[in-house]
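What follows is one structure encoded as structure tokens, with my remarks underneath.
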Amino acid sequence: MMSVADVRPTSQLLPTSQAGMTWLQLLVLVSVTIFFLSMSVPLWLEQRRVAQADVDVEVISEAIKKYHRHTNQYPEFLDDLVSDPGIDGWRYPYLNEIPKTPWRGTYVLIPKIYKVCMADDGRNVSEKYLVGGASEISRVYLEGRQAIRYWWQTGPID
Numbered sequence: 000m001m002s003v004a005d006v007r008p009t010s011q012l013l014p015t016s017q018a019g020m021t022w023l024q025l026l027v028l029v030s031v032t033i034f035f036l037s038m039s040v041p042l043w044l045e046q047r048r049v050a051q052a053d054v055d056v057e058v059i060s061e062a063i064k065k066y067h068r069h070t071n072q073y074p075e076f077l078d079d080l081v082s083d084p085g086i087d088g089w090r091y092p093y094l095n096e097i098p099k100t101p102w103r104g105t106y107v108l109i110p111k112i113y114k115v116c117m118a119d120d121g122r123n124v125s126e127k128y129l130v131g132g133a134s135e136i137s138r139v140y141l142e143g144r145q146a147i148r149y150w151w152q153t154g155p156i157d
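According to numbering that gives the first Met the number 0, the sequence shown is numbered sequentially starting from 0.
Below, the structure written as structure tokens:
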């Protein structure tokens, strides 16, 4: 019959080289984890910035549409959404403030093509997100069927 004294923990049954992770294994595990994090975090941050910019231009576009419904004209500048430009029908600030882009740049209106988009102000914004880029972040704020005409425009329609 076995006594309690005869039972040894499993860690004592294995040689010390196999009794858990070695420092080398731990170092490799931490290194691989850091490598994968360093590869995925910048991509995640970029996707987050793009999503925020997309939300921003949508919010600005909706504010412009409200402005138009109240005044029967479109604003010339984004500041007209925040402070009274002195025109009939302007009711209240349509935005509390004009947001900065996630890259700390500015948004602009392009009145001739009815778009709100990111300004090319020398920030670290990829060219593909600017007007005319492959992944342009912008909104046409014109309502109705006319908006379709301006959706793909990057410059004034002749």
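Even for Gly, the Cβ is constructed at its ideal location relative to N, Cα and C.
Contact annotation: A133 and K127 have beta-carbon atoms nearer than 7 Å. CA-to-CA, the gap between K114 and F76 works out to about 12 Å.
For G88, the CB contacts under 7 Å within the same chain, skipping 5 residues up- and downstream, are H69, T70 and N71 in chain order. V56 sits close to R138, with the two beta carbons spaced by under 7 Å. The region 79-99 makes no contact with the region 25-44, as fewer than three CB pairs between them are under 8 Å.
Note on geometry: alpha-carbon atoms of S30 and L44 lie some 21 Å from one another.
Ranked by Cα distance from V130, the first of R144, E142, I112 and Q145 is I112. Under DSSP, Y106 shares a beta bridge with M117.
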